[in-house]
Each structure stands twice: as structure tokens, then as C-alpha cells.
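A short worksheet on the structure shown next.
Number of protein chains: 2
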Amino acid sequence: MITTTDPRTGVSAATDLEKTSPEEVAAIAALAASAARDLASLGREFRAEMLDAMAVALEGSREQLVSTAESETGLTAARLNGELSRSAFQLSLFASAIREGSYLEAAIDHAGETPLGPQPDVRRMLVPTGPVAVFGSSNFPFAFSVLGGDVASALAAGCPVVAKAHGSHPLTSALSYETLLAAARSVGAPEGTIGIVYGQEAGTRLVTDPNITAVGFTGSLGAAEALQAAIATRPEPIPFFGELSSINPLVVTAGAAAARSAAIAEGLFASYTGSAGQLCTKPGLAFVPTGAAGDGLVSALASLTDDAGAGVLLNSRIRGSFDAIEGRLVEAGARALARGREAEGEGYTVPPTMLETTATELSAELAEECFGPMIVAVRYDSIDQVVEAIGRVPRSLTATVHSEPDEEELVADLAASLQPFAGRLVFNGYPTGVRVSWAQHHGGPWPATNTQHTSVGVTAIRRWLRPVAWQNAPAAVLPAELRDDDLSIPRRVDGVLVLPTR
Amino acid sequence: MITTTDPRTGVSAATDLEKTSPEEVAAIAALAASAARDLASLGREFRAEMLDAMAVALEGSREQLVSTAESETGLTAARLNGELSRSAFQLSLFASAIREGSYLEAAIDHAGETPLGPQPDVRRMLVPTGPVAVFGSSNFPFAFSVLGGDVASALAAGCPVVAKAHGSHPLTSALSYETLLAAARSVGAPEGTIGIVYGQEAGTRLVTDPNITAVGFTGSLGAAEALQAAIATRPEPIPFFGELSSINPLVVTAGAAAARSAAIAEGLFASYTGSAGQLCTKPGLAFVPTGAAGDGLVSALASLTDDAGAGVLLNSRIRGSFDAIEGRLVEAGARALARGREAEGEGYTVPPTMLETTATELSAELAEECFGPMIVAVRYDSIDQVVEAIGRVPRSLTATVHSEPDEEELVADLAASLQPFAGRLVFNGYPTGVRVSWAQHHGGPWPATNTQHTSVGVTAIRRWLRPVAWQNAPAAVLPAELRDDDLSIPRRVDGVLVLPTR
């Protein structure tokens with residue numbers, strides 16, 4: 001039997017959910033494989049309508065979803081409502097991308113004479129890989145769980161999804177699944193388009209099931225390694241797209257510290273303590289110059305931290321890790337600077353915590369990600385020290401620079417130095433709050449995620465697709481999008497990108 | 001010291017090449033990392049000019065390259081000249097793709113109000129991953145070796161390359177490297193843009209070097225697994241793009257057998273014996289219907305096989321494997337049908353060989369790839385038998401269907417059944433001879449290659465790129481292609497694909 005725990009109180013309760021048996025996992029994956037074939041024949045417009053229906057269904061279940069998630073995650077209703085809106089928006093955005101059709105990367109090379117002699121007709125397009133297993137995170141019950149980017153992008157691609165319910169929010173997972181399932185059925189999607197399994201063993205079995213063709217994962221490096229080890233036992237490797245830990249360095253230049261240290265302290269405080277610091281894009285290292293302006297920024301941030309109340313962490317494991325990691329950071333030489341007020345009661349609470357070190361001292365040990373409201377101020381004497389220090393720590397999803405307009409050359413050099421170490425470069429803002437849009441990239445380089453793809457934004461769909469080429473195919477065999485008479489999507493024809501005419 | 005062997009005679013000779021020491025490997029990889037930074041700042045047009053210069057340089061060294069490769073591979077001058085032309089063409093094609101700029105997947109989402117509230121400016125583009133290690137194949141000294149698709153696509157992406165010289169053609173590798181190096185220097189490319197290492201240990205060390213960011217490989221499953229094991233010892237995983245074994249089933253429908261069995265026998269014979277059958281796209285299984293028409297096709301192919309002379313295999317290992325695999329196939333139940341004439345002398349020669357089995361008997365053991373002039377005819381009673389049998393054997397780079405115009409429905413169903421099992425579907429042709437073009441796909445489902453990418457065609461460049469997003473970046477920090485005033489490449493602006501205006 002599966003239990004659920006309210007992290008605000010530490011009180012557990014039984015649910016009527018059961019762990020999925022090995023036989024059930026196999027049956028669910030097999031049904032997903034059957035759905036993959038049917039989905040393919042239903043085409044893009046059907047899938048777009050299904051995604052739109054799912055977006056509507058999320059709104060219909062909003063109240064129940066938010067209240068369930070509140071008591072399973074301790075996240076605020078405001079945050080959860082925003083997250084649900086984001087997931088609904090994402091479904092609609094992906095529906096529009098599927099309709100637009102560029103994601104297919106359709107290309108036609110007609111037969112003809114070439115510098116290498118006569119060549120056959122070759123046409124290429126991306127097709128869905130097949131059923132996808134999705135492992136969501138504890139901290140995003142609606143954005144990276146049974147609802148969210150991985151599921152939406154896989155369905156958009158045409159891949160059925162089998163989600164693993166998160167152990168920290170099983171009831172939210174179940175309700176999310178039921179909401180998606182009802183929406184899928186309402187438009188006539190094949191049974192097996194969306195599935196769910198419960199329990200860690202079921203999850204491990206899922207990624208070794210022969211019908212699963214790719215895995216999406218958001219969570220810790222350790223959990224990812226366990227899943228990858230299971231995947232490695234398969235006779236055939238399958239892609240694993242993992243969005244793992246990230247330390248997210250933020251650099252304040254001397255100019256920025258001099259010009260607006262109070263504003264940056266406030267922004268940084270909000271960014272590192274929002275959602276109790278449980279965001280993969282939370283700034284974990286803040287590089288602040290030595291000297292008076294930097295001192296002012298650090299003491300303003302320390303003062304905001306000291307005055308703050310405790311936040312609620314998602315579960316007892318994360319709560320336990322917070323203290324353990326803080327201990328390791330202090331052991332490695334970090335100095336305690338500030339700590340907010342402790343909360344009373346049995347909940348998994350922790351006060352915002354600020355440590356300090358220097359750029360010359362910074363090591364991989366001092367850059368361990370602490371999932372929760374923790375930030376390490378890193379004092380530096382020169383930008384060279386910053387660049388060297390960032391080269392010594394693991395790479396990240398993001399890197400952020402705060403600077404002033406008259407530091408243009410410094411910022412260009414710094415951005416070029418940071419680019420190999422991060423997937424997204426943020427200027428005069430904060431890395432938390434990831435825009436869901438066409439141009440977004442949330443990933444790369446390792447360990448921030450698999451190097452070459454994103455888990456947020458329209459191009460997240462590319463992870464669940466593989467190319468197929470057709471050589472001298474009769475028109476009846478070709479997908480509609482590759483026939484000469486289809487002018488509805490952008491295609492590359494004989495090397496030239498051609499926009500649709502209708 | 002490194003030796004070279006002429007497979008036509010089995011005679012070995014010394015070279016003045018030396019195995020690369022561990023220190024030299026590290027220095028070469030470090031120089032490549034330095035070149036990566038310099039290449040980035042030189043921009044796309046510079047790289048396109050470098051690729052064009054390399055294409056010209058190949059022509060300049062044509063005679064020497066072909067004669068060197070002839071004596072190291074036993075491939076004919078005609079075949080080698082064609083292969084060299086293909087590699088030169090490919091360099092020019094990639095240069096045009098780099099100039100065109102779509103490969104960057106540039107996208108701009110301007111800041112503004114959205115259904116989720118105000119959002120920042122986000123811009124995305126692909127950037128080179130960094131130095132790439134390339135391991136070429138024995139059978140394509142110019143198309144998949146120090147010259148060829150992996151090297152050309154990585155350089156096109158902006159990634160310096162360190163190639164491992166192939167043990168079967170070290171002198172060809174050295175001359176290829178010198179040709180590329182001279183061309184790179186002639187346009188002022190940074191030192192380290194192209195490098196080479198010699199010896200298996202140097203290759204293993206190369207893929208574990210911290211400066212290497214991705215690996216391209218063309219060769220056997222066994223060699224790939226050894227390299228992947230070495231890569232797995234790295235603290236950070238890097239992408240491995242392997243183009244491995246492939247059995248390439250070909251299906252002759254009843255209609256096609258009845259209409260043109262002699263022509264298909266001739267085409268099939270040429271396809272399975274060309275380059276002595278040493279092509280990853282060689283049809284290894286030919287499904288032929290039972291009955292008189294199929295009997296006629298099989299006996300015509302057997303007769304061509306019986307009459308044929310021996311081919312020269314690339315090296316003693318491949319020659320030894322041929323006999324071993326033939327033995328395993330017979331052990332597994334395949335029946336010998338035809339065998340060409342043996343050659344005299346000490347060369348690594350083997351006559352074309354034809355075996356036979358049935359669709360109901362076909363197993364993974366009977367579908368082992370034999371690298372050389374070997375084909376297994378698979379007799380079938382119904383298309384259902386064919387589909388079931390293909391489901392039992394490893395997946396492939398290609399699948400081919402020969403049919404007649406009045407079998408449209410049968411062919412559409414068959415193509416849909418074959419699609420999950422192959423990267424390229426060929427109709428009324430042969431899988432050997434891979435067009436180098438925009439729409440080509442040479443890859444797809446494991447073990448044919450890494451699932452999601454190609455090693456031939458323009459999109460091969462995508463393997464060596466990763467996305468980066470810039471949020472609220474000052475124009476001076478952005479790559480030229482992401483600035484508002486750059487209208488030279490296709491970009492997606494606020495969700496709309498916009499073609500260049502100049």
C-alpha cells in the first residue's frame with residue numbers, strides 16, 4: 001500500500017493506491033506500444049486537438065489538483081496555481097508547434113543528376129520513437145511530473161507515455177493521470193496513450209521493458225544513476241534524457257555591486273528562497289566582489305536571510321539532506337553568515353541559510369548543490385578569479401551576470417567564458433522562472449542535463465523523435481507531409497527551405 | 001612501429017609512423033580545445049571557406065590518396081576514386097549548409113506580455129560541443145575515416161577533430177590528415193583544428209581525455225562496446241555516435257518476383273558483392289517468395305554467384321571472421337546454395353557465397369551480419385511471415401522492398417511494418433549507394449547507429465552541436481546570428497519561421 005505525507009506537518013496517511021506489479025508494468029507498456037501505432041495513423045491534427053483538450057481538462061481539475069498538491073508538497077497555492085497554468089499553456093504551445101510542423105524537419109531531395117552522377121529521390125522526416133517512460137520530480141508536481149514538459153513533449157511527438165508516480169506526491173500523480181486520461185478518451189485517443197505505474201520497483205522494471213523506447217527523468221544525480229544502471233542491462237540501449245543537479249553560479253560585477261547592491265540583494269533573496277529554494281535553477285553560488293559595495297550587498301542579503309521565516313521542504317529525505325550538505329560545506333571550509341528563524345512543529349521546515357567563501361577557495365566540494373533555501377556567497381578580487389573558480393565546479397543549467405551598461409567588454413568576455421559551463425546565460429535577472437517558449441533551452445552541459453537537448457520549450461519535442469528516410473518511395477507509402485502535393489508545413493526541398501503556402 | 005599490409009597479397013611492410021604516446025594524445029587534445037575557442041570567433045563563413053579549401057585539396061592529392069588506399073585496402077581504383085569524389089562533394093555540401101545557416105536553429109522570443117504574464121527576451125542557437133574524436137572504418141578509407149562524413153560534419157559544426165588512424169590503412173590515414181592539415185593552414189585555421197593519433201591505446205586514451213566532448217565511430221559492434229566501456233570511466237558522460245552493424249533485409253514481393261526476377265537477381269548480386277560485400281548497407285537477407293517465380297530468382301542469383309570470382313577482403317581479421325560467421329550460420333541451420341570461384345595466392349580473398357533458409361526458421365543467429373560477399377535467401381509463404389521474421393532479428397540501417405505498381409496496399413502495409421526496424425526504406429532499388437544530400441538519413445534504430453541522428457547527409461552536423469539560450473542579453477554579448485539586425489539566415493522569431501531577406 002502507498003502512503004502520502006504532508007510535509008507541513010510530517011503526518012502520513014494511507015491511500016488506496018497499490019504498487020504496480022511486474023505483470024501490470026508489462027501490460028501497461030504493451031498497451032502503450034499498441035497505442036503508438038494507432039497514434040501514428042491519427043496524425044498531427046488529432047494530437048494537437050488532444051493536447052488542447054488536456055489543457056482544458058487541467059483547468060477543469062484545477063481546484064482539486066492544487067489542493068491535493070498543496071498537502072503533498074507544502075508548496076503554496078499561489079505557486080501551484082502558477083505552475084498548473086504553465087503546464088496548460090505548455091500543452092497549447094506544443095499543440096501549435098505540432099500544427100506548424102517545422103518540428104518534423106521534413107526534407108525532400110528529388111531524383112536527378114548531381115556532381116556524383118544520377119541520384120535517387122530521398123525524403124526525410126522525424127517520426128516518434130515509441131513509448132516513453134517519464135520520471136517526474138518532487139519539486140514540480142505539475143511542471144515536471146505526470147503533468148508537465150516531458151509528458152507533453154512526448155505526446156506532442158506522437159509517443160505514448162507511461163509515467164512513474166512520484167513517491168512524494170502519489171495522490172497528485174494519480175489525479176493528474178486521471179485528468180489526462182479523461183481528456184485523451186474524450187477526443188478518442190487510443191487506450192494506452194497515457195499510463196502510470198506506482199512504486200520504485202515498477203519504475204525500474206519500466207525502463208527495462210522492451211516496449212519502452214526512451215526515458216525522461218527529472219531529479220537527483222543519484223536516482224538518475226540508478227535508473228541508468230537499470231537501462232544498461234537492456235540488450236538494446238535507449239536514450240535517457242536526465243535533468244539532474246545544477247549549482248547555477250551568479251556573478252555580480254563591480255559595477256553592478258556599486259550601482260544597485262540593495263536591489264540585487266532583494267532579487268537574489270527572492271530567487272534563492274522562492275519555493276523554499278527547491279528549484280533546479282536556484283542560484284547556489286553568488287560571486288560578489290570584495291570591497292565596500294560587495295560588503296554592502298552581502299550584508300543586505302544576510303540581513304534579509306536573518307529576518308526570514310522557515311520554508312517547508314518537500315519530504316523528509318530532502319530535509320535530511322539539507323543538514324547533511326550544510327555540514328559538508330562547512331567541513332569543506334564555508335563560513336556561516338546568516339540563518340533565518342526556525343519553525344515550530346514536526347513539519348519538514350528549514351530556515352534560509354547563507355554561507356560564505358572566496359573564489360580562490362572555491363572547490364567542487366564547496367559547490368555541492370543543496371536543494372533548499374541555501375546560498376553560498378563567493379567573494380572575488382578579479383573576474384579572472386571568477387572564471388577560474390567556475391571552471392573548477394560542476395557545470396550548470398544556467399549562469400547569470402549582473403552588470404552595468406558601461407561594462408560591455410567585460411560582460412562579453414565573461415559571457416564567452418561562461419558559455420561552455422551553462423545551457424542558459426541570464427543577464428541582469430535571476431535564473432529561476434524558466435520561460436516556456438520556442439527559443440527556451442533548459443539543459444546542457446552535463447550534469448545539468450543530457451548535453452544536446454532541452455526539457456523546457458518547444459524543442460523539447462525533438463528528444464522523442466528519430467529520423468527516417470524514404471528512397472524512391474511511391475506516394476502512397478510516404479507520410480502526408482512528405483508528398484509533393486503537401487504544402488502545409490515548412491520543408492527543405494532540394495536544399496531550399498520553403499514556407500507553407502496555406 | 002606501425003606496419004601496413006596489402007590485403008591483395010597478405011604482404012606487410014614497415015612504415016615510419018609511430019604509435020602516439022599518452023603525453024602526445026593529451027597535448028593533441030589540448031591543442032584541439034584551444035582551436036575550438038579560436039574557431040568559434042572566426043565564424044561560419046571562415047569555416048565554409050575552410051571546408052571548400054579541403055575539398056580542393058582532396059582533388060590535389062587524388063592520385064596519391066587513391067594509390068595509397070588501393071594497396072592498403074584492396075578496393076579498386078574506380079571505387080576509391082568515386083569515394084574520394086563523394087568526400088570532396090560532401091565538404092562542399094556542408095560548406096553550403098553552414099552558409100545557409102538553418103542548422104543553427106536560431107530562435108528569438110522577444111520580451112513581452114504572455115498568457116503567463118510578462119516574460120523576458122530569450123534567444124536560442126546551437127553552438128559547437130568542442131573537440132570531437134573520430135574513429136573511422138576499414139571499409140571507407142575516404143568516406144568514413146580521417147576523411148569523410150564524421151570529420152566533415154564536426155568541422156562544419158565548428159568542432160576541431162582528433163581522428164584515430166585506422167590500423168588497416170595507416171598510410172592512407174596519414175596522407176589524408178596531411179592533406180586536411182595543409183588545407184586548414186592555407187586558410188589560416190587555428191593549429192589543432194585537425195589532429196591524428198596512431199594505435200589502439202592512443203584511441204582509448206583519446207576518448208577518456210577531458211578535452212574531448214563527443215565521439216564519432218564507424219565500425220563493429222564489438223569495437224564500439226570497447227570504446228563505450230572506456231568512455232564510461234569518464235567522470236562526465238559524453239555522446240557516442242556509433243554507426244555499427246546492420247543486416248539490411250530486402251523483400252521481394254510475389255508481384256516483383258513474377259515480373260522481373262532476372263533483373264532483381266542481377267541487381268541483388270551487384271549490391272551484395274560490390275566492394276566485396278564490405279558495406280554497412282549490404283543486403284544480408286533477401287526475402288523471396290516460395291513458388292516458381294521465387295525459385296527462378298533464387299536460382300538466377302545462385303548462378304551469378306557460382307560464376308563469380310573471389311573478392312579481396314580488407315584485412316586478415318575480416319577474412320577470418322567470414323569463415324567463422326559462415327560456419328555459425330550453417331550451424332544455425334542455413335543451407336549452402338552457391339559459392340563463386342576461389343582465388344589463388346596469399347591475399348585475403350573470398351568467393352561470393354549464398355546461403356538459404358526460410359522465414360519461419362529465421363532467427364537472430366541466422367541474421368548475424370557477415371562483413372563480406374555473403375547473402376542469405378529467406379523463402380517465405382506470406383508477407384505476414386516476413387514481418388514476423390524481421391521482428392525477430394536485429395534492426396538495421398535500411399530495409400528494401402521490391403514490388404509492382406498494382407501492389408500498392410500491400411507495400412504501404414509492409415512499409416509501415418518495416419519502419420520501426422530501419423532508418424531508411426528503399427523501394428525498387430538497393431540499399432548500397434547512400435546519397436549524400438540534405439534529406440539523407442543513415443542511422444536509426446540501434447544497433448544500426450545511435451537512434452536519433454544520422455552519419456550521412458547535412459543533418460549529420462547536428463550531432464556535434466548543443467543548444468544555448470541567452471536571456472535578456474545585451475546585443476554585444478549575442479552571437480551575430482541572434483541579433484535583431486541579422487537577417488542573413490532563417491530564424492524563428494516569436495514563433496514564426498522567417499526566411500532571410502538577403
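The listed protein sequences correspond, in order, to chains E and Y.
Each residue of the first sequence is one higher than the last, beginning at 1 in the UniProt record's numbering.
Each residue of the second sequence is one higher than the last, beginning at 1 in the UniProt record's numbering.
Cβ atoms here follow ideal geometry from the backbone N, Cα and C, with glycine treated the same way.
Under 8 Å between C-beta atoms of residue i and residue j
{"i": "E243/Y", "j": "T449/Y", "result": "yes"}
{"i": "A367/E", "j": "I247/E", "result": "yes"}
{"i": "residue 524/Y", "j": "F135/Y", "result": "The question about residue 524/Y has no answer here: the residues shown for chain Y are numbered 1 through 502."}
{"i": "P160/Y", "j": "I194/Y", "result": "yes"}
{"i": "D121/Y", "j": "Q471/Y", "result": "yes"}
{"i": "S173/E", "j": "S137/E", "result": "no"}
{"i": "residue 507/Y", "j": "A95/Y", "result": "Since the first residue of chain Y shown is 1 and the last is 502, residue 507/Y is not available in this structure."}
{"i": "A143/Y", "j": "E63/Y", "result": "no"}
{"i": "L314/Y", "j": "A152/Y", "result": "no"}
{"i": "S87/E", "j": "L155/E", "result": "no"}
Boundaries of the beta strand (DSSP E) in which residue i is found, first to last residue
{"i": "T353/E", "result": "353-358"}
{"i": "Y430/Y", "result": "Y430/Y -> no beta strand (DSSP E), and no H or E assigned at all."}
{"i": "A133/Y", "result": "132-135"}
{"i": "Y380/E", "result": "374-380"}
{"i": "F287/Y", "result": "285-289"}
{"i": "L337/E", "result": "335-339"}
Minimum Cβ-Cβ distance from residue i to chain Y less than 8 Å
{"i": "F94/E", "result": "no"}
{"i": "E361/E", "result": "no"}
{"i": "T449/E", "result": "no"}
{"i": "S87/E", "result": "no"}
{"i": "A476/E", "result": "yes"}
{"i": "D109/E", "result": "yes"}
{"i": "R47/E", "result": "no"}
{"i": "Q471/E", "result": "yes"}
{"i": "S396/E", "result": "no"}
{"i": "R260/E", "result": "no"}
{"i": "Q64/E", "result": "no"}
Proximity test, Cβ basis, 8 Å: residue i and chain E
{"i": "S437/Y", "result": "yes"}
{"i": "P237/Y", "result": "yes"}
{"i": "F427/Y", "result": "yes"}
{"i": "H402/Y", "result": "no"}
{"i": "Q452/Y", "result": "yes"}
{"i": "R392/Y", "result": "no"}
{"i": "E113/Y", "result": "no"}
{"i": "E23/Y", "result": "no"}
{"i": "P249/Y", "result": "no"}
{"i": "V411/Y", "result": "yes"}
{"i": "G267/Y", "result": "no"}
{"i": "P210/Y", "result": "no"}
{"i": "L499/Y", "result": "yes"}
Residues bridged to residue i (per DSSP)
{"i": "D6/E", "result": "V11/E"}
{"i": "residue 553/Y", "result": "With chain Y covering only 1 through 502, there is no way to say anything about residue 553/Y."}
{"i": "W446/E", "result": "Looking at the DSSP assignment, W446/E forms no beta bridge with any residue, so it has no partner."}
{"i": "Q119/Y", "result": "G112/Y"}
{"i": "M125/E", "result": "V468/E"}
{"i": "G195/E", "result": "V162/E"}
{"i": "G495/E", "result": "Paired residue(s): none; G495/E is not in a bridge."}
{"i": "T398/Y", "result": "R424/Y"}
Minimum Cβ-Cβ distance from residue i to chain B less than 8 Å
{"i": "V468/Y", "result": "Of the chains in the structure shown, none is chain B; the protein chains are E and Y."}
Unbroken alpha helix (DSSP H) run spanning residue i, endpoints
{"i": "T208/E", "result": "200-208"}
{"i": "P479/E", "result": "No alpha helix (DSSP H) holds P479/E; DSSP gives it neither H nor E."}
{"i": "F240/Y", "result": "Unbroken run through F240/Y is the beta strand (DSSP E), 240-243; no alpha helix (DSSP H)."}
Handout entry: Chain-ordered residues of the segment 67-79 of chain Y with a beta carbon less than 7 Å from chain E
Key = Under the 7 Å Cβ criterion, the segment 67-79 of chain Y contributes no residue.
Practice task
Output, in sequence order along the chain, the residues in the segment 117-137 of chain Y whose CB is closer than 8 Å to any CB in chain E.
Solution key: For the segment 117-137 of chain Y, residues whose beta-carbon sits nearer than 8 Å to a beta-carbon of chain E comprise Q119, P120, V122, R123, R124, V127, T129, G130.
Practice task
Give the residues from the segment 212-234 of chain E that approach chain Y closer than 7 Å (Cβ to any Cβ), ordered along the chain.
Solution key: Residues passing the 7 Å Cβ filter: none.
Problem - Selection of the segment 373-384 of chain E by Cβ proximity to chain Y, strictly under 9 Å - result: Residues of the segment 373-384 of chain E with a C-beta less than 9 Å from any C-beta of chain Y: none at all.
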